[in-house]
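In my numbering, the protein residues as written are 1339 to 1839.
Spelled out as structure tokens, the structure:
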């Protein structure tokens, strides 16, 4: 039917009257949801009409689902607040979200921000630059990160939840999130012993404006995703976060945090479209995607973010500084992403943003599976690279995919570049490392995020216990069993009672 054409029953309409246009009625689910929202906004009063009351009783018998059963819409930063072209946008969280906001896996920390109540539609759309907005935004990024990796697990055929490190059959506590957990602290961290994420806020040195210039790390899409990634990986590989692990193991943890921020951005089609438009589909052009934590970096006096994933750093240049080491792995993965996108891109047949979305989804799942398959302790970059090569082969991906991984990590001195004879071998043939951690090398965690500098990951409790045990052994060998000898004083039991001088 041509636009504007009349329906058959309109042909009999007198010409002096305007034709009756066909307007489709809303779907039944929409009507049900709309009716429920109206009831929540203002309770209906009895009408006095038995027919209407009967109709209302029938509607109630249908037992419409609660608003949270539809999921929740939130207003959040889709990047750092300083990335003006992205700004705040609405996002949809498909699972149940209750007041706080909270769900089964993520809970708000108190004190700091009063619990945020959902509106009549079950949504959390609040005014930016308020504590309520910060609570909603932080929860949303943590939830999106966990959901993203959970989907990657399911896509790989791994039907299992991603546990927090402390979760057992007897302990299913959620991860507690404190958007204002570190007042006047220029950092953020994930703590295993506290079971939480804490985010700091600070006024940059030498910046005028007082409170208006305060930087809140919880408002950074990148920082929240980065710290959540530490919690995700710690649930899968608990030994990797310890400071006595080899430097490359620490680098894997920090790189996973930065790559998570990139993958989370590319899990959202609107950001894929923005990146494609910004770079004309060439990911090595200047883009906010490769800059990590722009607002924080500028607050420290830089011109870009804390780190840039689009770099050329090699493992031989990085030393043992964990942040530098991590940028080698992050940079190689970013190059692989750009190579795969360029290989798959065909604007004649498919939208570039859709291709970027699809390629990023595969690569993040590939990385997650490779990390899971890597050794449970003392994992190195070559361990993960070889697992990625094996999985690419098993997935039946083009040989070019393995070539991208092999070449980019060889270019950064992570693996040896195979000779022509080795190139004809199967793609999954393990590669040899080129630059290795020296035996006994210790991680340099200076300049890392707060997570990597917490005492709990330095096994400080073991140091304290060993010192206490040494003291106990000395006391036992000198006859001090159950009592304390004090010079020039009476002998008293070691019960904490004060001694007499």
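Quick reminder that beta carbons are idealized off the backbone N, C-alpha and C, glycines included.
A quick note: this is a predicted structure, and the numbers were derived from the prediction, not measured.
If you drop the 5 nearest sequence neighbours on each side, which residues of the same chain put their C-beta closer than 6 Å to that of residue i?
i            : result
residue 1666 : 1651, 1653, 1656, 1750
residue 1664 : 1589, 1592, 1593
residue 1613 : 1625, 1627
residue 1585 : 1658, 1663, 1775, 1779, 1781
residue 1795 : 1579, 1580, 1581
residue 1623 : 1617
residue 1414 : 1429, 1475, 1478
residue 1512 : 1443, 1444, 1445
Using only the alpha-carbon positions, how far apart do residue i and residue j sit?
i            : j            : result
residue 1485 : residue 1639 : 34 Å
residue 1461 : residue 1790 : 35 Å
residue 1469 : residue 1475 : 10 Å
residue 1647 : residue 1456 : 37 Å
residue 1477 : residue 1444 : 7 Å
residue 1778 : residue 1788 : 24 Å
residue 1523 : residue 1442 : 29 Å
residue 1510 : residue 1465 : 33 Å
residue 1746 : residue 1597 : 16 Å
residue 1671 : residue 1733 : 18 Å
residue 1560 : residue 1687 : 32 Å
residue 1409 : residue 1518 : 26 Å
residue 1719 : residue 1459 : 47 Å
residue 1770 : residue 1471 : 49 Å
residue 1740 : residue 1571 : 24 Å
residue 1797 : residue 1806 : 15 Å
residue 1467 : residue 1521 : 16 Å
residue 1748 : residue 1605 : 28 Å
residue 1577 : residue 1703 : 21 Å
residue 1600 : residue 1721 : 22 Å
residue 1329 : residue 1714 : With the chain represented from 1339 up to 1839, any question about residue 1329 goes unanswered, as that position is not in the structure.
residue 1642 : residue 1412 : 28 Å
residue 1698 : residue 1679 : 8 Å
residue 1583 : residue 1711 : 18 Å
residue 1738 : residue 1691 : 21 Å
residue 1569 : residue 1488 : 13 Å
residue 1416 : residue 1573 : 26 Å
residue 1608 : residue 1423 : 12 Å
residue 1744 : residue 1480 : 32 Å
residue 1550 : residue 1421 : 18 Å
residue 1501 : residue 1440 : 17 Å
residue 1448 : residue 1689 : 45 Å
Given that a residue counts as buried once 16 or more other Cβ atoms are within 10 Å of its Cβ, and exposed if not, what is residue i?
i            : result
residue 1799 : exposed
residue 1632 : buried
residue 1717 : buried
residue 1508 : exposed
residue 1684 : exposed
residue 1435 : buried
residue 1801 : exposed
residue 1784 : exposed
So, residue i versus residue j, is the Cβ gap smaller than 7 Å?
i            : j            : result
residue 1451 : residue 1473 : yes
residue 1565 : residue 1526 : yes
residue 1492 : residue 1610 : no
residue 1675 : residue 1644 : no
residue 1706 : residue 1490 : yes
residue 1637 : residue 1542 : yes
residue 1515 : residue 1535 : yes
residue 1742 : residue 1803 : no
residue 1533 : residue 1504 : yes
residue 1660 : residue 1786 : yes
residue 1768 : residue 1816 : no
Less than 7 Å between C-beta atoms, sequence neighbours within five positions excluded: which residues of the same chain meet that for residue i?
i            : result
residue 1531 : 1794
residue 1453 : 1437, 1438, 1446
residue 1558 : 1418, 1631, 1633, 1634
residue 1602 : 1482, 1483, 1486, 1563
residue 1567 : 1483, 1594, 1595, 1598
residue 1629 : 1642, 1643, 1646
residue 1772 : 1751, 1752, 1753, 1754
residue 1708 : 1722, 1725, 1726, 1729
residue 1673 : 1746
residue 1432 : 1409
Under 8 Å Cβ to Cβ from residue i, same chain only, skipping five residues before and after it: list those, please.
i            : result
residue 1792 : 1527, 1529
residue 1696 : 1682
residue 1669 : 1647, 1648, 1649, 1650, 1651, 1750
residue 1736 : 1681
residue 1540 : 1522, 1523, 1524, 1552, 1553, 1637
task = Count the C-beta pairs between the stretch 1423-1439 and the stretch 1489-1503 that are closer than 8 Å, then say yes if the count reaches three, no if not.
result = no
request  = Indicate whether the contact test is met: 3 or more Cβ pairs, each with one atom in the stretch 1798-1817 and one in the stretch 1541-1548, closer than 8 Å.
outcome  = no
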